[in-house]
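J.: Everything in the sequence shown is counted per our numbering, starting at 28 for the first residue and increasing by one.
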Amino acid sequence: MNWTYRIRERNKVALALAAVFMIIVLANWWVSYSMKEVSTQFKSVYQDRLIPALDIAAMQERYYQNLMLLEEHMQAQSEEQELHLQAKFNQNIKEVDSLLAKYETTYLTQKEAEDLQEFKTALRQLTDLQHAAMNLSQSSDKAAAANMYTTEVVPAFNQMLLPLHALSQLQQEVGHELYASAEKQLSSLKTLSYLVIALAVILALLVGALLQTSRSMKRIKAQKFHLN
């Protein structure tokens, strides 16, 4: 009877041991999966938020430069100076187009996509007006160029800044959300690591109990053998 009882106890310990082992395996799988998720989120913060934020700042800087270049063009005293300023102006536009194409390849939320379309529309309008003002200045109609600059170019520039600033603000907001999500994942991983440690301790205790049960059964068998 005692021997049968110990067999049942050993089976229970073995079953508990298998259950704890499976839990540890699943916990390790979840840790590995969560680490990949955290890595992806931090990578997204860098590639889809930090770099685009720098690109937005660079685009804004180029158009501030073009605003000043247009002013200088209207005040230029020689054709050579005008051509030099126009070349720098066109180079800035090419750089903005390149930065914009790069920005469009990143992950965009729905709000970002909407603000981006608004920005591109405002940007085209501003660029057309700047080219028109520069052509007037190039043709020596400085007064007409200055009037267009004041009444059309500057308002279009300010209008272009609105969606650009909105995009910049979204980089900060979405980046903060990604960081908060990653931080939450790391907190869960910390809790899970403590659980794995606790399960490892339980596993060790179960192994000890199983070994103790096995030794007891051997002693019982030995006693029965001597009695016989």
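Ideal placement from N, C-alpha and C gives every residue a C-beta, glycine not left out.
Since we're looking at a predicted model, the values are computed, not measured.
Please go through the segment 77 to 130 and give each complete alpha helix (DSSP H) segment of 4 or more residues, from N-terminal end onward.
T.: Listed in chain order, they are 78 to 102.
J.: Starting from D155, follow the alpha helix (DSSP H) in both directions and report where the run begins and ends.
T.: Its alpha helix (DSSP H) spans residues 137 to 165.
J.: Answer yes or no: do A183 and L153 have a C-beta to C-beta separation smaller than 8 Å?
T.: Result yes, Cβ atoms of A183 and L153 sit closer than 8 Å.
J.: Please report the Cβ distance between M101 and K169, rounded to the nearest whole angstrom; I am assuming they are in contact, meaning their Cβ atoms lie under 8 Å.
T.: Their Cβ separation, rounded to whole angstroms, is 5 Å, which keeps M101 and K169 in contact under 8 Å.
J.: Figure out for me which residue from W56, Y60, L42, L81 has the closest Cα to the Cα of Q196.
T.: The shortest C-alpha separation from Q196 is found at L81.
J.: Mind checking whether T133 and P79 have CB atoms under 8 Å apart?
T.: Result yes, Cβ atoms of T133 and P79 sit closer than 8 Å.
J.: Which same chain residues, not among the five before or five after F116, have their C-beta less than 6 Å away from its C-beta?
T.: Correct list, in chain order: N93, L96.
J.: Around the C-beta of E88, are 16 or more other C-beta atoms found within 10 angstroms, so that it is buried, or is it exposed?
T.: Exposed, by the Cβ-count rule.
J.: Any idea what DSSP makes of T177, helix, strand or coil?
T.: Note: T177 maps to helix in three-state DSSP.
J.: Less than 8 Å separating the beta-carbons of L219 and A54?
T.: In contact: L219 and A54 (Cβ atoms closer than 8 Å).
J.: Does the distance from the C-beta atom of V180 to that of L163 stay below 8 Å?
T.: No, they are not a contact pair.
J.: S166: which of S105, I83, K147 sits nearest, CA to CA?
T.: Closest option to S166, Cα to Cα, is S105.
J.: Whole angstroms is fine: what's the gap from R76's alpha carbon to T148's?
T.: Roughly 22 Å separates the two Cα atoms.
J.: Cα-Cα, which of L226, Q144, Q118, V223 is closest to M14?
T.: What the structure shows of the chain is the stretch from 28 to 255, and residue 14 is not part of that stretch, so it cannot be assessed.
J.: Consult DSSP for T132 and reduce its assignment to one of helix, strand or coil.
T.: Coil.
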